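Numbering (the working numbering), first residue to last: 170 to 300. Backbone N, C-alpha and C define an ideal beta-carbon position, used for all residues, glycine too. Note that the coordinates shown come from a computational prediction; the quantities given were computed from them, not determined experimentally.
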């Protein structure tokens with residue numbers, strides 16, 4: 170196994186993701202970091218964090234990739250993200266909803282190993298603005 174390297178950029182990116190209630194896009198991270206590092210470094214750090222089991226990747230309904238913190242169960246060998254992701258149609262935020270796990274019934278001889286559910290709608294923040 171490779172040695173885990175902790176650079177300043179990696180630490181800052183992980184702090185941003187861990188401190189966010191919503192999943193962040195590469196662009197979100199780049200804006201928040203300012204001149205700390207370039208876009209290629211951010212991509213590399215995100216890939217490294219995903220491989221280490223610290224973050225997971227979510228592709229929203231628009232095809233944009235978002236990154237969110239992993240639950241404590243994830244490792245560099247396996248991720249556990251069989252939960253719902255909520256995509257807000259107004260603000261385009263993506264939120265992990267851990268306590269809403271859909272029940273899956275597959276036909277005979279199909280074995281589910283992992284899944285990715287994205288529900289689209291209006292998040293509580295945008296609903297309250299509309300009221």
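Within 10 Å of its beta-carbon, does residue i have 16 or more other beta-carbons around it, so buried, or fewer, so exposed?
{"i": "residue 285", "result": "exposed"}
{"i": "residue 298", "result": "exposed"}
{"i": "residue 296", "result": "exposed"}
{"i": "residue 279", "result": "exposed"}
{"i": "residue 170", "result": "At residue 170 the pLDDT is 45, less than 50, meaning the model places this residue with poor confidence and gives no usable figure here."}
{"i": "residue 206", "result": "buried"}
{"i": "residue 281", "result": "exposed"}
If the criterion is Cβ atoms closer than 8 Å, does the pair residue i and residue j meet it?
{"i": "residue 226", "j": "residue 186", "result": "no"}
{"i": "residue 195", "j": "residue 228", "result": "no"}
{"i": "residue 240", "j": "residue 267", "result": "yes"}
{"i": "residue 208", "j": "residue 179", "result": "no"}
{"i": "residue 211", "j": "residue 255", "result": "no"}
{"i": "residue 257", "j": "residue 230", "result": "no"}
In terms of residue numbering, what span does the beta strand (DSSP E) encompassing residue i cover?
{"i": "residue 224", "result": "224-228"}
Spell out the partners DSSP gives residue i in its beta bridges.
{"i": "residue 254", "result": "265 and 287"}
{"i": "residue 235", "result": "194 and 227"}
List the endpoints of the continuous alpha helix (DSSP H) containing residue i.
{"i": "residue 180", "result": "177-187"}
{"i": "residue 218", "result": "208-220"}
Please report whether the beta-carbon of residue i lies at a distance below 8 Å from any beta-carbon of chain C.
{"i": "residue 260", "result": "Absence of chain C from the displayed structure is noted, only one protein chain being present."}
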